[in-house]
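Each remark here refers to the structure printed beneath this line.
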Amino acid sequence: EELATLVENSIRRTDNLTRLGELELAFERARLTREKNHLQQSRQWIEMLAKQMGFTLNADGTLAQQPDVPNRSSGRRWLGKLGFGHPKREK
Numbered sequence: 626e627e628l629a630t631l632v633e634n635s636i637r638r639t640d641n642l643t644r645l646g647e648l649e650l651a652f653e654r655a656r657l658t659r660e661k662n663h664l665q666q667s668r669q670w671i672e673m674l675a676k677q678m679g680f681t682l683n684a685d686g687t688l689a690q691q692p693d694v695p696n697r698s699s700g701r702r703w704l705g706k707l708g709f710g711h712p713k714r715e716k
C-alpha cells in the first residue's frame, strides 16, 4: 500500500509538472507571436519611410537607392481637365 501511494504521488507530481510545462510553452508562444507582430509592423514602417526617402528595403534589411524613373504623366494634368490649367498661349 505504501508503494501504491508513492506511485500515485509520483504520477500526480508528473501530471502537475506536465501542465506547468504546457502553460509555460503557451505563454512563450504568445510572447513570440506578439514580438513577431511587432517586428513585422516595425519593418513595414521602415519600408514606408525608406520609400518616402527614395530607398527600398532589401530582404536582408539593407537599403538600396531606387533608380530615378521619369514621371510619365504630369502631376497637374488633372487640373487642366477640370479647366484650371494654364491658358493656351496665342501666337
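In terms of my numbering, the sequence shown opens at residue 626 and continues consecutively.
By construction, the Cβ of each residue, glycine as well, lies at the ideal position given by its N, Cα and C atoms.
Note that this is a predicted model, so its numbers are computed, not measured.
Secondary structure remark: continuous beta strand (DSSP E) runs of at least 3 residues inside the region 651-697, in chain order: 680-682 and 688-690. F680 is positioned such that its CB atom lies closer than 8 Å to that of Q691.
One alpha carbon belongs to E647, the other to Q677, and they sit about 45 Å apart.
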